[in-house]
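Heads up: the sequence shown at position 151 corresponds to 152 in this note's numbering, and the numbers run straight through without jumps. A short worksheet on the structure shown next.
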Amino acid sequence: MKIIMLGAPGAGKGTQAKKIAAKYEIPHISTGDIFRANIKNGTELGKKAKTYMDQGLLVPDELVVDLVVDRVNQEDCSRGYVLDGFPRTIPQAEALDKALAAQGQKMDYAIDVDVPDQNIVQRMGGRRACVGCGATYHLVYAAPKKEGICDTCGAELILRDDDKPETVEKRLGVYHEQTQPLIDYYTKAGILKTVDGTVAMEDVFEAIVSILGE
Ligand code: AMP
């Protein structure tokens, strides 16, 4: 089962992608996580990506596409995977389709986690990320057991630069301009499914499972 998660930054697609990956036993591939790991490790790719990410801009397509195509060709993806944060532009979607078509494959579902902008701004200000392992929390919806400390690895929790209010506004603008056209793209491809992302996390997941099947 090959799944794409769509939705504005902060819509909760990462959370749902992790739950899908666990239930259906397929890899969760988050391009944002891949870039953050590269930044942490000080790689060339990380250095290039950071300049865009800190401004709320998309990393150029040429830095993303090969990375994802290589990843989905790995052995652990043979039963499918869930893509989180990719594709984010029409050229990325076309490049993915082309790479899959060359192997006689295609995506099965594009799930849009739908949340209005005003909810997003409110949500993202409460997001906290672990500097150690990258786990994410929310001050209101998913608070850590001890304030400011990661439950999993004990490292410090911070508000990511790209979750700061001014960057969030910018990212929403970028989303509407560059990523929202994918809704049309996958509607035309006949694989778009929309779920209401404003309800409780478990209810969003239930809606997704009813689409994907038990
Ligand atoms: P995310 O964690 O998915 O919200 O991604 C964080 C940031 O990484 C985005 O704001 C972009 O700067 C960059 N990024 C992640 N995925 C992509 C992508 N598919 N194309 C371009 N930039 C991306």
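Where a beta carbon is used, it is the ideal one built from N, C-alpha and C, also for glycine.
Separation of residue j from residue i, as counted between CA atoms
i, j, result
"glycine 8", "lysine 171", "15 Å"
"valine 175", "cysteine 154", "33 Å"
"alanine 111", "isoleucine 30", "14 Å"
"isoleucine 1", "alanine 143", "Outside the shown range of the chain (2 to 215) lies residue 1, about which nothing can therefore be said."
"isoleucine 27", "lysine 14", "16 Å"
"valine 132", "lysine 48", "17 Å"
"glutamate 148", "glutamine 104", "48 Å"
"glycine 214", "glutamate 207", "10 Å"
"leucine 1", "proline 88", "With the chain covering only 2 through 215, there is no way to say anything about residue 1."
"aspartate 62", "valine 210", "31 Å"
"glutamate 76", "tyrosine 82", "11 Å"
"valine 205", "alanine 50", "31 Å"
"asparagine 120", "valine 141", "13 Å"
"glycine 57", "valine 122", "14 Å"
"lysine 189", "isoleucine 212", "18 Å"
"lysine 20", "isoleucine 159", "23 Å"
"alanine 100", "lysine 146", "43 Å"
"aspartate 152", "glutamate 167", "28 Å"
Residue span of the alpha helix (DSSP H) that contains residue i, given as start and end
i, result
"threonine 52", "45-54"
"methionine 202", "202-213"
"leucine 101", "91-102"
"aspartate 152", "Here aspartate 152 belongs to no alpha helix (DSSP H), and DSSP marks it neither H nor E."
"lysine 20", "14-25"
"threonine 168", "166-175"
"valine 122", "118-126"
Residue i beta carbon near the ligand AMP (any heavy atom closer than 7 Å)
i, result
"aspartate 98", "no"
"methionine 125", "no"
"threonine 32", "yes"
"proline 88", "yes"
"glutamine 93", "yes"
"aspartate 163", "yes"
"tyrosine 138", "no"
"valine 83", "no"
"leucine 59", "yes"
"valine 65", "yes"
"methionine 6", "no"
"methionine 202", "no"
"arginine 172", "yes"
"proline 10", "yes"
"tyrosine 53", "yes"
"phenylalanine 36", "yes"
Residue i classed as buried or exposed, judged by whether at least 16 other C-beta atoms fall within 10 angstroms
i, result
"proline 117", "exposed"
"arginine 129", "buried"
"arginine 80", "exposed"
"alanine 96", "buried"
Continuous beta strand (DSSP E) stretch holding residue i: start and end
i, result
"serine 31", "29-31"
"lysine 3", "3-7"
"valine 69", "Premise fails: valine 69 lies in the alpha helix (DSSP H), 62-73, not in any beta strand (DSSP E)."
"valine 114", "110-115"
"arginine 80", "Run containing arginine 80: none; DSSP gives neither H nor E here."
"threonine 188", "Careful: threonine 188 lies outside any beta strand (DSSP E), inside the alpha helix (DSSP H) at 182-189."
CB of residue i within 8 Å of CB of residue j, strictly
i, j, result
"glutamine 17", "valine 114", "yes"
"valine 70", "glutamine 93", "no"
"tyrosine 25", "methionine 2", "yes"
"methionine 125", "valine 169", "yes"
"glycine 198", "alanine 12", "yes"
"methionine 225", "aspartate 85", "What the structure shows of the chain is the stretch from 2 to 215, and residue 225 is not part of that stretch, so it cannot be assessed."
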